[in-house]
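What follows is a set of notes on a single structure, which appears directly below.
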Amino acid sequence: MTGLMPLLQRKDGTHGSKHSLYYNHNISALQWHQFHVNITIILYIIWFCKLCTITIGGRVVLLASILFEDFLLGTIDVKKYISYLHYTIAGLIVYTMNCPRYNMSPTELLYCPKPANKIETLPRKSRETLKRKTTDSLERRVKPRTDEKGDKILNGNHDHFGENGYDRRRSVNSQEDKAVWLLDYPTIPDKVVLEPYRYISSLPSKKIRHLAIDALDIWYIVPQRSLEIIKNVIDTLHSSSLIIDDIEDGSELRRGQPSAHMVFGTAQAINTANYLFVKCIGEVRKLSPSAIEIFEDELRNLHCGQAMDLYWTFQHKCPSQREYIRMIDGKTGGLFRMASRLMRDQATKNRELEVEGLITLLGRFFQIRDDYKNLESSDYAIAKGSLSDLDEGKYSFMLIHALNHDPNHTELESLLTLRSKQGFLTPQQKTLVMKSLSRAKSMKYTSKVLEDLQVEIDEKLQDIEKRIGQDGEFQKNMMIRAIMARLKPGLAEAVVGTLMRQ
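965 is the number that our numbering gives the last residue of the sequence shown; the numbers go up by one with no jumps.
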């Protein structure tokens with residue numbers, strides 16, 4: 464009857480005989496009385512159908528609904544209600560005839576509620592069972608264990624057993640007794656995250672950074688432990704920068720082999736490069752608080768220098784030579800400068816000796832030489848790809864010179880614009896770029912700049928050797944001189960790569 468209540472309400476929401484259904488819908492009192500009679504019939508049908516079959520009950524419901532529908536055809540809302548009502552009644556009949564709640568059967572006791580346990584009826588283990596389990600537990604504690612060979616395990620000489628062979632795995636609070644989401648786990652090993660680093664470190668390298676550190680150690684005499692930490696930090700940072708550089712430059716080759724991100728994927732390579740920074744911080748902390756400040760300062764210079772290089776490439780903006788040299792001082796010279804400053808911080812000799820000026824010149828020499836070898840050396844083409852700097856869209860030292868000195872620089876600018884759209888230059892387009900560099904004599908100009916830098920480096924080196932000499936005698940650092948001799952542009956056996964490009 465709940466469903467009929469909306470039809471029996473007044474317009475103001477209350478109930479009453481004066482404002483009832485026949486008043487609101489123009490139904491006579493006789494019709495209203497007959498309606499109540501039929502509703503009563505339906506209620507009796509529901510009770511009656513429990514004693515008959517579903518088929519007969521359905522027929523009776525259908526007949527009854529037809530009878531009292533005839534009294535209410537004058538109102539559309541009531542017709543709609545009645546059309547829904549006989550389906551509701553039929554469904555109610557079927558449900559009440561079959562649901563376990565109203566038809567409990569001895570064969571379906573599963574649905575019957577079980578009586579609650581009382582104190583007297585609670586299940587209990589017998590005393591004999593408890594006594595037997597206690598005895599077994601004590602025997603396991605005292606009885607020595609044996610290993611796979613049959614030898615006794617005493618005094619905890621096994622990974623899983625404590626003193627007198629007691630098995631830790633059988634303790635009440637054992638890890639094995641807990642759900643996997645409640646267990647305590649050790650720190651995740653870094654084997655997976657270091658795979659790209661191991662790969663890039665396995666590629667051929669001349670170890671120029673290690674040679675330079677050994678050369679500076681002639682002056683500073685750094686303790687062996689600190690020296691190894693510094694070498695490890697510089698080498699790790701260098702590997703991290705190589706991984707990131709190849710991703711940012713879109714370079715697919717590194718030292719003649721696929722770049723790390725071409726083997727392990729870009730996401731994994733980036734994650735590894737970031738993790739290497741974390742490892743370096745942990746290593747530098749072993750040195751001194753001042754070493755951390757040096758590390759932070761030069762790491763900032765590295766990233767700011769790299770940011771300028773990326774900015775010019777993305778914005779297609781050619782920097783001036785002055786701006787380019789400042790970028791080199793941060794990006795390339797920063798790593799060598801970090802090594803020299805960390806060594807001076809840990810030095811046992813000549814701690815007042817500053818070599819940052821020399822190191823900055825070395826960084827400039829290495830980067831400009833790297834630009835030169837990228838366009839001039841066939842060995843470099845094998846290691847990095849033919850004229851890879853042109854494909855990467857980077858503004859090298861020669862390109863900057865050509866864009867400012869080539870009479871037909873519009874052609875060169877157009878080719879660089881096409882590279883940004885294509886993502887690469889065809890061999891024919893690269894040939895046109897090289898012709899533009901030739902017209903501007905940019906390669907010859909760059910070679911002259913490298914010679915000037917080498918002369919300045921030699922003068923700085925002699926000045927340092929004179930300052931630390933005794934009785935006016937020079938103490939030549941032959942290791943630095945050997946490194947510079949190997950990196951001369953004219954030597955056929957010149958080392959391919961530089962501090963940031965090996």
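The beta-carbon is built from N, C-alpha and C at its ideal position, and this holds for glycine as well. Fair warning: this is a prediction, and the values are worked out from it, not measured in the lab.
Below 6 Å CB to CB, which residues in the same chain sit around residue i once its five sequence neighbours on both sides are set aside?
i: N487; result: Its pLDDT being 49, under 50, N487 is placed unreliably by the model, and the measurement read from it follows with that caveat. The answer is none, since no qualifying residue turns up.
i: A736; result: S703, I706 and I707
i: L666; result: R718 and Q720
i: A945; result: none
i: M947; result: none
i: M801; result: E761
i: A844; result: Note that A844 scores a pLDDT of 49, beneath 50, so its modelled location is shaky; the value from the coordinates is reported in the next line. So no residue of the chain qualifies.
i: M790; result: G768, M771 and D772
i: Q830; result: I791 and T795
Once you ignore the five residues that flank residue i on each side, which residues in its own chain have a CB closer than 8 Å to its CB?
i: E817; result: R807
i: I699; result: Sequence check: residue 699 is Thr here, not Ile. Cβ within range, chain order: Y660, L739, K742, C743 and E746.
i: L824; result: L916, E919, I920 and K923
i: N695; result: E746
i: D926; result: none
i: F727; result: E658, P659, Y662 and T735
i: E819; result: R800, S803 and R804
i: G713; result: D854, E855 and G886
i: C767; result: G793
i: I931; result: W682, N813, L816 and Q938
i: L888; result: L850, L853, D854, L878, L881, R882 and V896
i: E711; result: Q769 and L773
Which residues does DSSP pair with residue i in a beta bridge?
i: L716; result: P721
Where does the unbroken alpha helix (DSSP H) through residue i begin, and where does it stop?
i: H945; result: According to the sequence as given, residue 945 is Ala; it is not His. Counting along the chain, the alpha helix (DSSP H) containing A945 begins and ends at M941 to R949.
i: Y662; result: E658 to S665
i: N764; result: P752 to Q778
i: F887; result: Where F887 is concerned, there is no enclosing alpha helix (DSSP H), given that its DSSP letter is neither H nor E.
i: L645; result: Looking at the DSSP string, L645 is not in any alpha helix (DSSP H), and its letter there is neither H nor E.
i: V912; result: S905 to I931
i: Q938; result: Premise fails: Q938 is in no alpha helix (DSSP H) and is neither H nor E.
i: V747; result: T729 to V747
i: S803; result: G796 to Q809
i: I671; result: I671 to Y683
i: D834; result: E819 to E839
i: R866; result: According to the sequence as given, residue 866 is Leu; it is not Arg. Where L866 is concerned, the enclosing alpha helix (DSSP H) stretches over F860 to H868.
Whose C-beta lies closer than 7 Å to the C-beta of residue i among residues of the same chain, with five residues either side of it excluded?
i: M725; result: E715
i: Y683; result: M806, R807, A810, K812 and N813
i: S689; result: L750 and Q809
i: L875; result: A865, L866, D869, V896 and S899
i: P686; result: Q809 and T811
i: I788; result: R827
i: N764; result: G793 and G797
Since residue i and residue j are thought to touch, with beta carbons under 8 Å apart, how far apart are those beta carbons, to the nearest angstrom?
i: L850; j: L838; result: 6 Å
i: M942; j: D709; result: No, M942 and D709 are not in contact; Cβ-Cβ is about 30 Å, not under 8 Å.
i: A675; j: F799; result: 6 Å
i: Y835; j: L913; result: 7 Å
i: A723; j: Y662; result: 6 Å
i: N940; j: I693; result: So it is not a contact: roughly 18 Å between Cβ atoms.
i: H701; j: R748; result: H701 to R748, Cβ: 20 Å. No contact.
Hey, is residue i close to the ligand ADP, as in C-beta under 7 Å from one of its heavy atoms?
i: V557; result: This structure lacks the ligand ADP, and indeed carries no ligand of any kind.
Item to check | Cβ pair count under 8 Å reaching 3, the stretch 802–817 against the stretch 876–896 | outcome: no
Next on the checklist: Three or more C-beta pairs under 8 Å: does that hold for the stretch 884–899 against the stretch 850–862?
Outcome noted: yes
Next on the checklist: I want to know whether the stretch 859–873 touches the stretch 897–909 - three or more CB-CB distances under 8 Å.
Outcome noted: yes
Next on the checklist: Closer than 8 Å is the cut-off here; do at least three beta carbon pairs connect the stretch 648–655 with the stretch 771–779?
Outcome noted: no
Next on the checklist: I'd like to know if the stretch 789–799 and the stretch 726–735 are in contact, where contact means that at least 3 CB-CB pairs between them fall below 8 Å.
Outcome noted: no
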